[in-house]
Amino acid sequence: GAVVSQHPSWVICKSGTSVKIECRSLDFQATTMFWYRQFPKQSLMLMATSNEGSKATYEQGVEKDKFLINHASLTLSTLTVTSAHPEDSSFYICSARHDSGYGYTFGSGTRLTVV
Amino acid sequence: DQQVKQNSPSLSVQEGRISILNCDYTNSMFDYFLWYKKYPAEGPTFLISISSIKDKNEDGRFTVFLNKSAKHLSLHIVPSQPGDSAVYFCAASRGRGNTPLVFGKGTRLSVIA
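As you go down the protein sequences, you meet chains A and B in turn. Each residue of the first sequence is one higher than the last, beginning at 145 in this note's numbering. Each residue of the second sequence is one higher than the last, beginning at 6 in this note's numbering.
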């Protein structure tokens, strides 16, 4: 149980275009989804906390107008990288808390390459 | 400010021996700690966790030790296997609410056959 499905697993886009990443909780309701970014050989850095039905909370230094987060339902949160640039190339991962134990479930991640 | 620190970027261990991965934290409000294994371009895989009310938790080959006074935890893998080769992340959280995990920078473990 407690599976988070993340799509796409990888995407290549042209500079200036937008990319949407989806995370779905398949067998539980995720009132809160966390979005992380990982640069090569670096830690997973929290970008924002996505709350169902309300605005996301962004970490310091993360541009909310560039990384649009929508959490319209209890099972779906999306991250849209707008006007992507090569420096946005990274590995993006979502995560949700679930009531099974004290668990955090992660998506499989999205490798974004902006060319 | 790095609240969770893994000071060893890499570790090499002979197959069959013990692997010890270390993690330090600075935030005394953290009350739950987790270890994840991660391969490139994949999401983290949960290994083992420990609550701050305990000092040890064991699951098969994996044991996590917590020293609250030193704000230090360690993951022991014994015996180490080549399939254990991956990057291991230490993570911490505060409370049972919807708070995010804070990750260390990871330690790359290489188990040599």
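We put the beta carbon where it would ideally sit given N, CA and C, even for glycine. As the structure is a computational prediction, the values presented were derived from the model and not from experiment.
Asked: Distance between W179 of chain A and D209 of chain A (C-alpha atoms, nearest Å); Found: 15 Å
Asked: Where G88 of chain B falls: helix, strand or coil (DSSP); Found: helix
Asked: CB contact flag (F51 of chain B, Y44 of chain B, <8 Å); Found: no
Asked: Where N34 of chain B falls, given that 16 or more other Cβ within 10 Å makes a residue buried; Found: Note on residue identity: the sequence assigns Met, not Asn, to residue 34 of chain B. Exposed, since its Cβ has fewer than 16 Cβ neighbours within 10 Å.
Asked: Where E47 of chain B sits in the DSSP three-state scheme; Found: coil
Asked: K59 of chain B at chain A interface by Cβ criterion, 8 Å; Found: no
Asked: Among B:N62, B:I58, B:P84, B:S56, nearest to S24 of chain B - alpha-carbon criterion; Found: B:P84
Asked: Three or more C-beta pairs below 8 Å linking the stretch 231-240 of chain A and the stretch 62-82 of chain B; Found: no
Asked: Between the CA atoms of S153 of chain A and S233 of chain A - distance to the nearest angstrom; Found: 13 Å
Asked: Beta-carbon contacts of E203 of chain A that lie in its chain and below 8 Å, excluding the five residues immediately before and after; Found: M189, L190, M191, A192
Asked: Neighbour-count burial assignment, V259 of chain A, 16 or more Cβ in a 10 Å radius; Found: exposed
Asked: DSSP bridge partner residues for I53 of chain B (one or two, in chain order); Found: B:W40
Asked: Residue from A:A228, A:G160, A:Q186, A:A174 with nearest C-alpha to A146 of chain A; Found: A:A174
Asked: Within 8 Å, strictly: CB atoms of I165 of chain A and L223 of chain A; Found: yes
Asked: Buried versus exposed, by CB contacts within 10 Å (16 or more), L170 of chain A; Found: exposed
Asked: Residues that R241 of chain A contacts on chain B, provided the C-beta gap is smaller than 8 Å; Found: N103
Asked: Contact set between E47 of chain B and chain A, taken where Cβ atoms lie within less than 7 Å; Found: S252, G253
Asked: E166 of chain A, DSSP secondary structure in three states; Found: strand
Asked: Contact list for F108 of chain B against chain A, beta-carbon separation under 7 Å; Found: S187, L188
Asked: Three-state secondary structure (DSSP) of E203 of chain A; Found: coil
Asked: Beta bridge counterpart(s) of H229 of chain A as assigned by DSSP; Found: Answer is none; H229 of chain A lacks a bridge partner.
Asked: For L39 of chain B, the nearest candidate out of B:D29, B:N62, B:A96 (CA to CA); Found: B:A96
Asked: For G247 of chain A, the first and last residue of its enclosing beta strand (DSSP E); Found: 247-250
Asked: Beta bridge counterpart(s) of K61 of chain B as assigned by DSSP; Found: B:F70
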